[in-house]
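Trainee: Taken in order, the sequence shown gives residues 100 to 238; the numbers are from this note's numbering. Below you will find the structure I want to go over with you.
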Amino acid sequence: HRDLHSFPTRRSSDLGLLPRADDPVPTSFTVLAGFEFKAGTPLPQEVTDLDGKLVRIQGFMQAEIDGETDVEAFLLINDACGCQGTPKLNEIVYCAMPDGQRAKIVPGVVHVIGTLSVGEDKEDGEVIGIYYLDVSKIE
100 HRDLHSFPTR RSSDLGLLPR ADDPVPTSFT VLAGFEFKAG TPLPQEVTDL DGKLVRIQGF
160 MQAEIDGETD VEAFLLINDA CGCQGTPKLN EIVYCAMPDG QRAKIVPGVV HVIGTLSVGE
220 DKEDGEVIGI YYLDVSKIE
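Okay, structure coming up:
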């Protein structure tokens, strides 16, 4: 048998203290939009468990202002919403690009990777969003 000292050692620089961009937690609007949202009601555990995590989610890009194509922030909306009417708050992820970077709004389904923040964001007492994503990559 081999003793522990004969195994290759890893330097701390090999440990990857930052999450690797290729290891996001896959999630979907099935989870994010899979409940009836009411302001002030606790969000489901499976949703709050994603807070602060690097995630990968697919949906449709939508500019916050109609007609914009080169943006610092965009909405990712549920690909199952049929894009008729206004998506519910739990069918929208507000996505922000890294400082100094812009995204092109593209048609069709995209996969967005980034760090998800979960929780009610209020403006003048009204909940205006639940999901915010700091984008690291769009595929």
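By construction, the Cβ of each residue, glycine as well, lies at the ideal position given by its N, Cα and C atoms.
1. Can you tell me which of the three DSSP states Thr214 falls into?
2. Report back the beta-carbon spacing between Glu171 and Met196 to the nearest angstrom; my notes put them in contact at under 8 Å.
3. Ends of the beta strand (DSSP E) at Leu188?
4. Within the chosen definition, does the stretch 207-215 reach the stretch 143-159 through at least 3 CB pairs nearer than 8 Å?
5. Once DSSP output is grouped into helix, strand and coil, what is the label at Phe128?
6. On the premise that Cys194 lies in contact with Val61, defined as a C-beta separation below 8 Å, what is that separation, rounded to the nearest angstrom?
7. Does DSSP put Gly115 in a helix, in a strand, or in coil?
8. If I measure Cβ to Cβ from Tyr231 and keep anything under 6 Å in the same chain, skipping five residues before and after, which residues do I get?
Mentor: Looking at the coordinates:
1. strand
2. 5 Å
3. Careful: Leu188 lies outside any beta strand (DSSP E) and carries neither H nor E.
4. In short, these stretches touch, since the Cβ pair count reaches three.
5. helix
6. Only positions 100 to 238 of the chain appear in this structure, which leaves residue 61 out of reach.
7. The predicted position of Gly115 is uncertain, since its pLDDT is 47 and thus under 50; a value taken from the coordinates is nonetheless stated next. Gly115 falls in the coil class under three-state DSSP.
8. Tyr193, Ser216
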